[in-house]
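*Asks:* Quick one: this structure, given as structure tokens, is what I'll be asking you about.
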Amino acid sequence: MATGRRGSPLLRRCKREGYTHGLRPPQMEALRAMCGALIPSLPVEGLHVQPQPGRGKDDLDRFFRASAADGAIPDEVNENSDNPSWKAIGYSVPVPAAAADVDRLRPRELGPAEAEAPSPRPLDSGVVETRSLNDATLLKSLTERGVAVKAGVSGAHHTVQCDVVIVGSGCGGGVAAAVLAAAGRKVVVVEKGDYFTAESYTSVEGPSMERLYEKGGIFCTSNVTTIMFAGTTVGGGSAINWSASVRTPEWVTQEWAREHGLPMFGRPEYAHAMDAVCARLAVTGGCREEGFQNKVLRRGCEALGLRGDAVPRNSSEGHFCGSCHLGCPTGDKRGTDTTWLVDAVARGAVVLTGCKAERFVLESNPGGRDGRSNRCVGLVATCMSDGITKKLRIEAKVSVSACGALMTPPLLRNSGLQNSHVGRNLHLHPVSMAWGYFPDSTPEAELSGKCYEGGIITTMRRVTARTIIQTPALGPGCWASLVPWESGRDMKERMLRYARTAHAFALVRDRGAGHVDGEGRVRYTPSREDVDELRNGLRQTLRILVAAGAAEVGTHRSDGLRLRCDGLRDEDLEAFLKQVTVEKGPMVPGHDKWALHCSAHQMGSCRMGSSPKHGAVDGRGESWEAEGLYVCDGSLLPTAVGVNPMITIQSTAYCVSKGIAESLARDNK
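Residue numbers are given in my numbering: position 584 of the sequence shown equals residue 606, and the series is strictly consecutive.
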């Protein structure tokens, strides 16, 4: 068996930072009473629960008697990486067989002096993890990796010199680093997150989300319509996404080329870029064995005579991992941290982790190309280590912002850019979810399994040109936060069904657009036609779940809308579907029902355009305001894509970085 302490300590325990709440004892008692009303201690007697392997009466009793009014806030897991409530809800943290073998064999294979030595990691030759360094060791580490540095003696900065500085290491930054390093350029990648590998990942939901996601996975729009999920670790979104590797639809690239004046997307070079990206990620088109949720989706489509398409993935066809959203513990999924960044480091690139970009450095550039009045000469960044006392001034010939559609606009604004498209045109691919409960006694043997097992997205149903249906990854915490609360007993009974509740969602290529107003401040409301598409997609999702054999189906609307399917007649289903709506968020006055959308895809907030009036950057990704400053992430895309955007973002980054390499080569002649 694998040891209970497998993985990084950072991904086993949440941070416990001291704070003072300022509440008086009577106020604390009132708060405790409120928490106890929401999640009360209840007797287990009279509960009708389907038996499950590994779930005993003691497990149920402990789960039902636990209360949110309990004084202490426990860690999600104990010292053995276990949680006593998991047995009650049928959940366990998966430990890959390969990892178990490594844990078992390592002490026998290594000598005493080496037993505690960690295995080499793919980026070790180029990564500099600043959180554990001081000024002297930081400069020493950079020098050892071939970076020119100058210690700041009297000033506020240490100076670092390179050819290219890239902010962000995800789908855009990782590709750009590899392409530019391959062109012979000294590349420095600045990443505010930490570096983890397959051996680091624990699949423990709370601490993993806290360390791997922006705002710990609780990043909501300021008008409370949508919860957004974005990566903040080495590899960015590619380290925590769901493996779907879908090429840009041809009608989308043609639209971008013709209607947005961006010829790159209509040329063979973009198709060649998609080929190169899919080859580097070793994308596969099949799936040897599907998990429970995808089996439900496929079965429901077949029962209705609908087409369900296989979803390509950046993993092997035998990849059966439901934990990729918390970092793939098998190492089978190929994010930028195990592909492009490995290539970049092999060619001399350096990755600075725990280092946050503050602003790009702009200088006046009279008579600049195409009216660009500024020139970017580098970046100012702060290392998030108490031992490093000075900021870094990274001087570079080319600077690239690749920190994603939510973080690139604030960085550019902080740097002095004023183009009106910076922060506008944000698209989120809003998602509305439905669920179906399949008891363990479901007669169809092909629907065996649990909701958290198997590949996250392996089947997709296209409803319209703008709407698709897929399945999500929902750990117990996320699951509980999205399920409507009706009563304390209902909530606990729902949780007992967790493992056998399949979720599926409708995703829309949104035409409505939001705004990034600053770091952590986003406004977004789907347009009326987006809502219509979502509602139609949600209704078809429910039809699919019913056709697959669900005992009960429902949505995440605040009133707990649901339907029991035993003896269901067609007219009953149609009457139910007429009640299905896509509601606005809870902050809208005058509405007694509400719901939240979810978004794992953010695009368009610094879009390409044929002129400064139409975009924040030109068709090569360069800022209209500053020479030498490029954007190379999902914010470049002129509209929403309509499918999982990883391949689109990486292919666009591939083209942009190839253009940067050619520009640098011309300048050197």
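The C-beta atom is built at its ideal place from N, Cα and C for all residues, glycine as well. Source: prediction; values computed, not measured.
1) Go through its chain and collect everything with a Cβ distance to Gly76's Cβ below 7 angstroms, but skip five positions before and after it.
2) For Val505, which residues from the same chain have a beta carbon less than 6 angstroms from its beta carbon, with the 5 sequence-adjacent residues on both sides left out?
3) With distances taken from CA atoms, which of Ser470, Ser454, Val453 and Lys214 is nearest Phe460?
4) So, helix, strand or coil for Met482, using DSSP?
5) If you drop the 5 nearest sequence neighbours on each side, which residues of the same chain put their C-beta closer than 6 angstroms to that of Ile188?
6) I want to check one thing, is the minimum distance from the CB of Ala198 to the heavy atoms of the ligand COA below 7 angstroms?
7) Figure out for me which residue from Val653, Ala456, Arg488 and Val373 has the closest Cα to the Cα of Arg533.
8) Between the stretch 510 to 529 and the stretch 257 to 266, do three or more beta carbon pairs fall short of 8 angstroms?
9) Name the residue from Lys208, Ser386, Leu82 and Asp614 whose alpha carbon lies nearest to the alpha carbon of Val399.
10) Is the separation between the beta-carbon of His180 and that of Leu161 shorter than 8 angstroms?
11) Is Glu649 near Gly390, with beta carbons less than 8 angstroms apart?
12) Do Leu567 and Ala495 count as a contact pair if the criterion is CB distance below 8 angstroms?
13) Which same chain residues, not among the five before or five after Glu541, have their C-beta less than 6 angstroms away from its C-beta?
14) Round the Cβ separation of Val653 and Gly643 to the nearest angstrom and send it over; I've been treating them as touching at under 8 angstroms.
15) Grouping DSSP H, G and I as helix and E and B as strand, with all else coil, what is Arg126?
16) Assuming Val201 and Lys680 make a contact with CB atoms under 8 angstroms, what is their CB distance in whole Å?
17) By Cβ distance below 7 angstroms, which residues in the same chain neighbour Val66 in space, the five residues on each side in sequence not counted?
18) Do you know how far the Cα of Pro229 is from the Cα of Val538?
19) Using 8 angstroms for Cβ pairs, my map puts His341 next to Gly477. What's the rounded Cβ distance?
20) Of the choices Asp92, Gly29 and Ile61, whose alpha-carbon is the least far from that of Met50?
21) For the alpha helix (DSSP H) containing Phe382, name the first residue and the last one.
22) For the alpha helix (DSSP H) containing Ala403, list its first residue and its last residue.
23) Report the rounded CA-to-CA distance for Ile410 versus Ser673, giving the unit in angstroms.
24) Using a 10 Å radius around the Cβ and a threshold of 16 neighbouring Cβ atoms, would you call Leu45 buried or exposed?
25) On the CB-based measure, 16 or more other CB atoms within 10 Å of its CB, does His619 come out buried or exposed?
26) Could you name each continuous beta strand (DSSP E) segment of 3 residues or more that falls completely within the stretch 74 to 117, going from the start of the chain to the end?
27) Just the Cα atoms here: how many angstroms apart are Ala55 and His43?
28) Residues in its own chain within less than 8 angstroms of Val169 by CB, not counting five upstream and five downstream?
29) In terms of alpha-carbon separation, which member of Leu319, Ala683, Gly393 and Leu414 lies closest to Thr523?
30) Answer with buried or exposed for His613, where buried requires no fewer than 16 other C-beta atoms within 10 angstroms of its C-beta.
31) First and last residue of the beta strand (DSSP E) that includes Val544?
32) Need the endpoints of the beta strand (DSSP E) that Phe460 sits in, please.
33) May I have the straight-line CA-CA distance separating Asp123 from Arg484, to the nearest angstrom?
34) Would you mind listing the beta strand (DSSP E) stretches within the stretch 548 to 620 that are 3+ residues and don't spill past its ends, in chain order?
35) Taking C-alpha atoms, which residue in Tyr676, Asn105, Leu439 and Ser222 lies nearest to Arg397?
*Replies:* Quick look at the numbers:
1) Lys109
2) Arg516
3) Ser470
4) strand
5) Gly195, Ala198, Ala199, Val211, Val422 and Ala424
6) With respect to small molecules bound, the structure shown includes none, and the ligand COA cannot be examined in it.
7) Arg488
8) no
9) Ser386
10) yes
11) yes
12) no
13) Pro432
14) 6 angstroms
15) Any answer about Arg126 is weak, because its pLDDT of 33 lies below 50 and its placement is not dependable; what the coordinates show is given next. Correct three-state label for Arg126: helix.
16) 6 angstroms
17) Leu82, Asp83 and Phe86
18) 27 angstroms
19) 6 angstroms
20) Asp92
21) No alpha helix (DSSP H) contains Phe382, which is instead part of the beta strand (DSSP E) from Cys377 to Ser386.
22) Taken as a continuous stretch (DSSP letters only), Ala403 belongs to no alpha helix (DSSP H), being part of the beta strand (DSSP E) at Asn396 to Cys405.
23) 36 angstroms
24) exposed
25) buried
26) none
27) 17 angstroms
28) Val182, Gln183, Cys184, Lys208, Val210 and Val372
29) Leu319
30) exposed
31) Arg543 to Arg545
32) Where Phe460 is concerned, there is no enclosing beta strand (DSSP E), given that its DSSP letter is neither H nor E.
33) Residue confidence is low: Asp123 scores 37 on pLDDT, short of 50, so the model does not pin down where it sits. Its coordinate-derived value is still stated next. For Asp123 and Arg484, the distance between alpha carbons rounds to 40 angstroms.
34) 574 to 577 and 584 to 586
35) Leu439
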